[in-house]
Amino acid sequence: MPVKNFLKPQQKEQLQQALRESQCPYFRERVLMLLLMNDGKTYQEIADFIGCSYRTVAYWCTHSEPDNLDSMKDQRQNGNYRKATAEYIDRLMEIVQKKPSELGLPFENWSGERLATYLAQLTGIDLTGAHVRKLLKKQRDNTPRKCCTR
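Throughout, my numbering is defined as the position within the sequence shown, counted from one, plus 6.
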């Protein structure tokens, strides 16, 4: 039988506040596991209530620290790592507006590979040509187009 009321009042209040304010469903689920365990529920009862596996409950109840809310977080809530920063994308859009010859480069047209190489020299961020083309396509899709009337 689990120990009931093992959390200090301050810890319980902190967990309840985190449960109310967090936008991450995984984090909220883990906080709820600790609060239910504090109420005297078993791992199986918590798993049935939340709708997850017994192993998940057992893992997070033993590895979570009530004083350290970061121990209940994982990297999923941060999203995917983005190599291209906002500054990189802004610079890319500026450079695409100019011809390579205006920048003193020995070719007339931009390609994804040429853009990637040139931007790597300027910014130190090394991307593939395919990734640069993908960024350009995404930016152009987000840019409002002028309406043409004939």
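Backbone N, C-alpha and C define an ideal beta-carbon position, used for all residues, glycine too.
Quick one: residues in its chain with C-beta nearer than 7 Å to the C-beta of residue i, no 5 flanking neighbours on either side, listed in chain order?
{"i": "LYS89", "result": "ILE131, LEU133"}
{"i": "LEU141", "result": "ALA90, ILE95, LEU98"}
{"i": "LEU42", "result": "ILE52, PHE55"}
{"i": "LEU38", "result": "LEU25, ILE56"}
{"i": "PHE12", "result": "ASN44"}
What separation, rounded to the nearest whole angstrom, lies between the Cα atoms of residue i and residue j?
{"i": "GLN17", "j": "GLY57", "result": "25 Å"}
{"i": "MET78", "j": "ALA92", "result": "30 Å"}
{"i": "LEU21", "j": "ASN115", "result": "57 Å"}
{"i": "TYR124", "j": "SER28", "result": "42 Å"}
{"i": "ALA136", "j": "LYS144", "result": "12 Å"}
{"i": "GLN103", "j": "LEU111", "result": "14 Å"}
{"i": "PRO72", "j": "PRO106", "result": "57 Å"}
{"i": "GLU19", "j": "ARG146", "result": "48 Å"}
Residues in its own chain within less than 6 Å of residue i by CB, not counting five upstream and five downstream?
{"i": "LEU121", "result": "VAL138"}
Hey, quick one: how far does the alpha helix (DSSP H) through residue i stretch, first residue to last?
{"i": "GLY118", "result": "118 to 129"}
{"i": "GLU71", "result": "Counting along the chain, GLU71 falls outside any alpha helix (DSSP H), and DSSP gives it neither H nor E."}
{"i": "ASP54", "result": "49 to 56"}
{"i": "PHE33", "result": "31 to 44"}
{"i": "MET78", "result": "No alpha helix (DSSP H) holds MET78; DSSP gives it neither H nor E."}
{"i": "GLU93", "result": "92 to 102"}
{"i": "LYS14", "result": "First-last for LYS14: undefined, no H or E at that position."}
Is it buried or exposed, residue i, if we count other Cβ atoms within 10 angstroms and call 16 or more buried?
{"i": "CYS154", "result": "Per-residue confidence for CYS154 stands at a pLDDT of 49, beneath the threshold of 50, marking its modelled position as unreliable; no derived number is given."}
{"i": "ARG156", "result": "The pLDDT assigned to ARG156 is 49, lower than 50, so where the model puts this residue is not dependable, and the model offers no usable value."}
{"i": "PRO31", "result": "exposed"}
Name the residue from the options whose alpha carbon lies nearest to the alpha carbon of residue i.
{"i": "ILE101", "options": "ASP80, PRO112, LEU128", "result": "LEU128"}
{"i": "TRP66", "options": "PHE33, GLY46, ASP45, LYS47", "result": "PHE33"}
{"i": "ALA64", "options": "SER117, GLN50, ASP45", "result": "GLN50"}
{"i": "ASP76", "options": "ARG36, GLU19, THR48", "result": "ARG36"}
Apart from the five residues on each side of it in sequence, which residues of its chain come closer than 8 Å, Cβ to Cβ, to residue i?
{"i": "LYS10", "result": "ASN44, ASP45, GLY46"}
{"i": "ALA126", "result": "ASP132, LEU133"}
{"i": "SER117", "result": "GLY135"}
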